[in-house]
Structures are given as C-alpha cells and as structure tokens.
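Per numbering that gives the first Met the number 0, residue 0 is the first one in the sequence shown, and the count goes up by one each step. Glycine is no exception: its CB is placed at the ideal position from the N, C-alpha and C atoms.
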Amino acid sequence: MKQKTDTERVKKAVALKYEPGERQAPVVIAKGSGSIAEAILGKAAENGIPVQQDSSLVEVLSKLDIDQEIPPELYTLVAEILSFVYRSDRKAGEIRK
Numbered sequence: 000m001k002q003k004t005d006t007e008r009v010k011k012a013v014a015l016k017y018e019p020g021e022r023q024a025p026v027v028i029a030k031g032s033g034s035i036a037e038a039i040l041g042k043a044a045e046n047g048i049p050v051q052q053d054s055s056l057v058e059v060l061s062k063l064d065i066d067q068e069i070p071p072e073l074y075t076l077v078a079e080i081l082s083f084v085y086r087s088d089r090k091a092g093e094i095r096k
C-alpha cells in the first residue's frame, strides 16, 4: 500500500483564541479539513493573523470541540505557538511604524 506524500495529505487547520482574564486557557474557535481548513487559513491571512504549522499538534487539537479549552497537557506546546504569534505581532508593529 502506497503512503500518501505531503501534497496528497488532506490539509487540516485549527484556530485558537486566548483572552487572558476571560478564560483559563486558549479555546478552539474553528477547525476543519480540506476546503474548511483552506477557509480558516484564508481568514487568518486576510486578518494578518500569523499561522504556525505543526501537523502533530493540529491532529490533537482537532479532536477537541469548538469552544473547548485546551487541556493542561497541551499548555506548553500552545504557549510556544502563542509566543511565536506575539513576537510576530510585535515585529509587524515595528515594521509599520
């Protein structure tokens, strides 16, 4: 049986939202595969939201329900991604000045 190459794999995406003080942990606000994943990524691009690619993390996060907080076991991994996003936002702000 032939294994799928990266280009043959179905694209998946999960969007998280984190508002300190609002919830204890980031929340899944959108998820999907195929055309839905493309739409999620398109909205992120339209709104200047940085995208981090991590297929293993997407697999785990895609098992969560919409509006579900991420479990404590994922805090460290998601914190690394949020750090990337915050650094990207800060750099983009400096470039715009």
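According to DSSP, which residues form a beta bridge with Pro19?
In DSSP, Pro19 forms a bridge with Arg22.
Count the other CB atoms, across all protein chains shown, that sit within 10 Å of the CB of Ala44; report buried if there are 16 or more and exposed otherwise.
When all chains shown are included, Ala44 counts as exposed.
Three-state secondary structure (DSSP) of Val57
DSSP places Val57 within a helical segment (H, G or I) once states are collapsed to three.
Verify whether the separation of the beta carbon atoms of Lys27 and Leu40 is less than 8 Å.
What sits at residue 27 in the sequence shown is Val, not Lys. Not in contact: Val27 and Leu40 (Cβ atoms no closer than 8 Å).
Reduced DSSP secondary structure (H/G/I, E/B, other) of Val50:
When secondary structure is reduced to three states using DSSP, Val50 falls in the coil class, being assigned neither helix nor strand.
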